[in-house]
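Presented below is the structure to which this report refers.
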Amino acid sequence: MKGMTLIVKEITRLMVPSIILLGVYVVLHGHLTPGGGFAGGVLIAGSFALMVLAYGSEETKREIKMWHATFGESMGIFLFWFLALMGVIQGTHFFTNILAKGRTGDLFSAGIIPLCNIAIGIEVAAALFAIFFTMAVMRLGEKL
Amino acid sequence: MNFIPLFVIVPLGAAFLMPVVSRLWKGMSDVLGNLAALFLMVWSFAALQMGHETTVFYAGGWEPVASIPIGIAMVMDGLTVFMLIIINVIGFAVTLYSVNYMNHYTDKAKYYTLFLLMMAGLNGVVLAGDLFNLFVFLEISAIASYSLVAFGIGSEELEASFKYQILGGTASTLILMGIAFFYHMTGTLNLADASTVIQQLGTHPGIIFVSILFLVGFSLKAALIPFHAWLPDAHPSAPAPISAMLSGVVIKVLGVYALIRIFFNVFGITAMPSVLTIFIVLGSVSMVAGAFLAISQSDFKRMLAYSSISQIGYVLFALGLGTPLGILGAMFHLINHAAFKSLLFLNSGAVVYRTNTRDLDQLGGISQKMPVTGITSLLGSLSISGLPPFGGFWSKLIIIMAAVESGHFALAGVAVFTSIVTLAYYMKLQKEAFYGALKASFGKLKEAPFLMSLSVILLAIVVTGMGLLLIPEFKSVILDPAVKIISGGLNYSKLVLGG
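Respectively, the protein sequence lines represent chains Y and X.
The opening position of the first sequence corresponds to residue 14 in the numbering used here, with each subsequent residue numbered one higher.
The opening position of the second sequence corresponds to residue 84 in the numbering used here, with each subsequent residue numbered one higher.
What follows is the structure in structure tokens.
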């Protein structure tokens, strides 16, 4: 798959950072505004998919390796698991909130929920990108 | 701190670490996988030690309000502990076996990740105290097993996996629909709470509707005979350790356990005796037809797969009798079948590992070259065919006695007859694969690698000693608590909610 024209590439280059920023915003404000880890993660994965479409698979493969996606995915879900385990380590229940709840409406509030959202955001972004990468870029029998 | 969620936490954590750790050091995936499985096995025995009281764990500390549960509950009682032991002992034998066996395949880390996710799902299903979490864990293990069946990515594996996915997906859809109607009817998903609500509802038309959906859905997962089409393809196509896990554990947990929990403990079997009749019909049809389908097979693993259908038929048939003796027979046959069927599938894997074929016509006399595999598979075959000193004999005897006791003389005769057919096809299997003249092409055959042999020897010891479970000391610890929970029926909600 070759890349698209110069116009598409330039516009993509301008758009991608703001899409990622929007994704990060949605993830971080998951406990305050509509959206959250999943929605933000999808936005971030979408920006990667846009890059693959604009620049073509050859160029993408030079920049991004499959294991980046797998690593991000494992780490995201592991972080989520670890946050849940913190309750057990503290001596209470699995998935118990361990941080102060803060004031409603503040960015730093709602205990571990924002952290869980970040973990989900990483997981969803990496996993969706890995699926897209496998289906659009990799060829049968190719080493990952 | 409560120890119950560790059955789900540990395999999940190990599964998530696996892809990262295996990048650092290739051999690490074997170590991590086996450590997690060993921990789970030890932990399941620890659960046995902690007594047979019903213990409830509320995730996140969301305790019930005015004895109405509002959070996610995990319930551990006699039946759960019984299933946990089956899952985790077989699980450990299988991971030990995989260390050598999975060298055949490409990516061990992915295999262990999927396998541990499956274990987490299975443990979660038996621990789940509410219907929706039961469904979620059921889907985790089902989806992991779809990909594990296709792990060899040959055309046969992919076809089998596709078939399994379509039928498994149908089953899951029916179950989910059932859960939706169930929720509409009772207003709660907690099994114990729902059980009390259903008793107050009395005869409600929705109960029958939901029962049918659950019955079909879980029978598909258990591969009872009208719903069995996926099993003879999926179980032989999977890598041998996964076949052992699927036949030995997965169909029991996703199918039989869920049926028991929902129909005996939630709906209450006394209120709907027709379900027992359905169990007897499905069970005896599966028992006979599975055995006759098995006898004509010439594929080692396919024969074992049909045999699984037949043996699960025994379990369902015994459950359908509904008497305490029948339930004891069902539970005893369940644990027996888990042990010997996984042993036989692991043996078939050892044969495939060395000879690259599972066609019985091409095998012959390999017991001379592979004595460990030969002897252990003989023990497994004798036990499954119901020969006296082994557990398989006692469980079938109890089932037949229970059938006679409850007046089903003809069906008791059918069970005896099926047992003879079982003996016939296992004799065929032994004769064509392990005994008789050694084929010339197998002159340089070697025994299976050390860890594979070790794992089958461990399982063979379990199979041989299984008859001891009837000794009162062991029976009162392992079998009786499970039987008590099932025959206790609607007491379940009192035990869980405490009151």
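Backbone N, C-alpha and C fix where the C-beta goes; we use that ideal spot for every residue, glycine too.
_Status (buried if at least 16 other CB within 10 Å, exposed otherwise) for H187 (chain X)_ = Result: exposed.
_Which of the three DSSP states is assigned to A433 (chain X) in this structure?_
In the structure shown, A433 (chain X) sits in a helix (DSSP, three-state: H, G or I).
*In the region 513-576 of chain X, which residue ranges form an unbroken beta strand (DSSP E) of at least 3 residues, counting only runs that do not cross its ends?*
For the beta strand (DSSP E) assignment, the region 513-576 of chain X encloses no uninterrupted run of at least 3 residues.
_I'd like the list of long-range same chain contacts for S60 (chain Y), defined as Cβ closer than 6 Å, with 5 residues on each side in sequence excluded._
V29, I32, I33
*Cβ atoms of A388 (chain X) and H585 (chain X): under 9 Å apart, would you say?*
Past the edges of chain X, shown from 84 to 582, lies residue 585 (chain X), and the structure says nothing about it.
*Take N110 (chain Y) and list the residues in its own chain whose beta-carbon comes closer than 7 Å to its own, dropping the five residues that flank it on each side.*
G124, I125
*Counting contacts by CB-CB distance shorter than 9 Å, is V137 (chain Y) in contact with chain X?*
no
*Closer than 9 Å to chain X by CB, G100 (chain Y)*: yes
*Put D190 (chain X) into one of helix, strand or coil per three-state DSSP.*
coil
*asked:* Taking 7 Å as the limit between beta carbons, can you name the residues of its chain near L408 (chain X), skipping five residues before and five after?
replied: I481, M484, A485, E488
*Would A498 (chain X) pass as a contact of F362 (chain X) if the rule is Cβ separation under 9 Å?*
no
*Euclidean distance between Cα positions of S224 (chain X) and A374 (chain X)*: 28 Å
*Do D113 (chain X) and Y184 (chain X) have their C-beta atoms closer together than 9 Å?*
No.
*Say whether chain X places a C-beta atom closer than 9 Å to the C-beta of M64 (chain Y).*
no
*Quick one: grab the DSSP three-state call for F107 (chain Y).*
coil
*Which residues, in order along the region 60-92 of chain Y, keep a beta-carbon less than 8 Å from a beta-carbon of chain X?*
W80, T83, F84, E86, S87, M88, I90, F91
*Residue nearest to G110 (chain X) in terms of C-alpha spacing, selected from X:L512, X:G144, X:K191*: X:K191
*asked:* Run through chain Y and tell me which residues come within less than 7 Å of G144 (chain X), C-beta to C-beta.
replied: T105, H106, T109
_Counting only beta-carbon separations shorter than 9 Å, does F121 (chain Y) have a partner in chain X?_
no
*Rounded to a whole number of angstroms, what is the C-alpha to C-alpha distance between G300 (chain X) and M157 (chain X)?*
23 Å
*Neighbourhood of L63 (chain X) by C-beta, 6 Å cutoff - its chain only, sequence neighbours within 5 removed*: Given a span of 84 to 582 for chain X in the structure shown, any question on residue 63 (chain X) remains unanswerable.
_Residues within the region 97-113 of chain X neighbouring chain Y, beta-carbon criterion of under 8 Å_ = Those would be F99, L100, M101, P102, V103, R106, in chain order.
*Can you round the beta-carbon distance between G89 (chain Y) and A132 (chain Y) to whole angstroms, since I take them to be within the 8 Å contact cut?*
About 5 Å separates the two Cβ atoms, so the contact holds.
*asked:* Run through chain Y and tell me which residues come within less than 9 Å of I92 (chain X), C-beta to C-beta.
replied: The contacting residues are W94, A97, L98, V101, F107.
*Could you list which residues in chain Y have their beta carbon closer than 7 Å to that of P88 (chain X), in chain order?*
F107
_If distances are taken between C-alpha atoms only, which option among X:A130, X:L553, X:H135, X:K514 comes closest to L167 (chain X)?_
X:A130
*Starting from the beta carbon of L95 (chain X), find every residue of chain Y whose beta carbon is closer than 7 Å, and list them in chain order.*
W94
*Got a sec? Which residues, its chain only, sit under 7 Å from S66 (chain X) by beta carbon, not counting five neighbours each side?*
The requested residue 66 (chain X) is not part of the displayed model; chain X covers only 84 to 582.
*For Y229 (chain X), decide whether its Cβ has a neighbour in chain Y, counting only Cβ atoms nearer than 9 Å.*
Chain Y contact via Cβ: absent.
*Could you tell me if M148 (chain Y) is buried or exposed, where buried requires 16 or more neighbouring beta carbons within 10 angstroms of its beta carbon?*
exposed
*asked:* Can you tell me where the beta strand (DSSP E) holding Y141 (chain X) begins and where it ends?
replied: Element bounds for Y141 (chain X): 138-141.
*Smallest Cα separation from V150 (chain Y): which of Y:A62, Y:A140, Y:V39?*
Y:A62
_At the 9 Å Cβ level, is Y141 (chain X) part of the contact set with chain Y, yes or no?_
At least one chain Y Cβ lies under 9 Å of Y141 (chain X).
_Within 9 Å, strictly: CB atoms of K335 (chain X) and I554 (chain X)_ = no
*Provide the residue(s) that pair with V148 (chain X) in DSSP beta bridges, ordered along the chain.*
X:I151
*Have a look at the DSSP bridge pairing and note the partners of A156 (chain X).*
X:Y141
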